[in-house]
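Since the structure comes first, as structure tokens, the remarks are kept for the end.
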Amino acid sequence: MFAPRSHLPVLCMALILAMAACDSDGPTASTPQLAKGKGQGSPPSKLITVTPVYTSFPSPLDLEGGSFSYDIDITNGHQEAAEIWVDVRLEQGGLLTDPATSRRLDTFHVDCGLADGVLPRNSTCHMTRTGSATNTSDGFGTLVVGSATMATFWYQGYSNPVRLGFTYRGVNLTQ
63 MFAPRSHLPV LCMALILAMA ACDSDGPTAS TPQLAKGKGQ GSPPSKLITV
113 TPVYTSFPSP LDLEGGSFSY DIDITNGHQE AAEIWVDVRL EQGGLLTDPA
163 TSRRLDTFHV DCGLADGVLP RNSTCHMTRT GSATNTSDGF GTLVVGSATM
213 ATFWYQGYSN PVRLGFTYRG VNLTQ
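Whatever position you read off the sequence shown (first residue = 1), add 62 for my numbering.
Listed below in structure tokens is the structure:
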């Protein structure tokens, strides 16, 4: 039995979230953008993943406690990619795709030894970054002490960004 067409977007999202819940580090989904190939062979794909090193974050995160350093790995499984940037946010309330509160923890262009935002082909770029859990950062709503979600999104393009993937991880905020 097939679902009516009007239910397909909801069913697709439920399937994606169900599959993501199987990840050992928390819900994760990756949506690589496929580039159209020319000539023979299969089209190349940009297999870019971003993995915060969660053990490098303070646990729990201190809300309004100042900045801290953390590590993050950006992996490119294919061709060189330009204009790659990452947005790490703290979210609370609402739905996973529509939080009631979302505040920037850190946003940056990748810096992997080439030009600004360029990710070398077939590489893993390890970066140490600085972030902060604060209500004064860009975003909306008010973060409160308690459970939150660390949402990491990665994009390609500065003027017209395309989201390449995302990860979610539960965190605890204290004060």
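For each residue, glycine too, the CB sits at the ideal point set by N, CA and C.
Check, Outcome
"Taking the alpha-carbon positions, what's the residue 224 to residue 210 distance?", "25 Å"
"For residue 228, collect the residues of the same chain with a Cβ closer than 7 Å to its Cβ; drop the 5 residues on either side in sequence, then sort them by chain order.", "91, 213, 214 and 215"
"State the DSSP-derived secondary structure class of residue 221, mapped to helix, strand or coil.", "coil"
"What residue ranges within the segment 127-212 form continuous beta strand (DSSP E) runs of no fewer than 3 residues, ordered along the chain?", "129-138, 146-154, 163-171 and 185-194"
"So is residue 153 buried or exposed if we call it buried at 16+ other beta carbons inside 10 Å?", "buried"
"Could you work out which residue in 198, 177 and 187 is closest to residue 125 when comparing CA atoms only?", "198"
"Identify the continuous beta strand (DSSP E) that holds residue 120 and give its terminal residues.", "Counting along the chain, residue 120 falls outside any beta strand (DSSP E), and DSSP gives it neither H nor E."
"Count the other CB atoms, across all protein chains shown, that sit within 10 Å of the CB of residue 194; report buried if there are 16 or more and exposed otherwise.", "buried"
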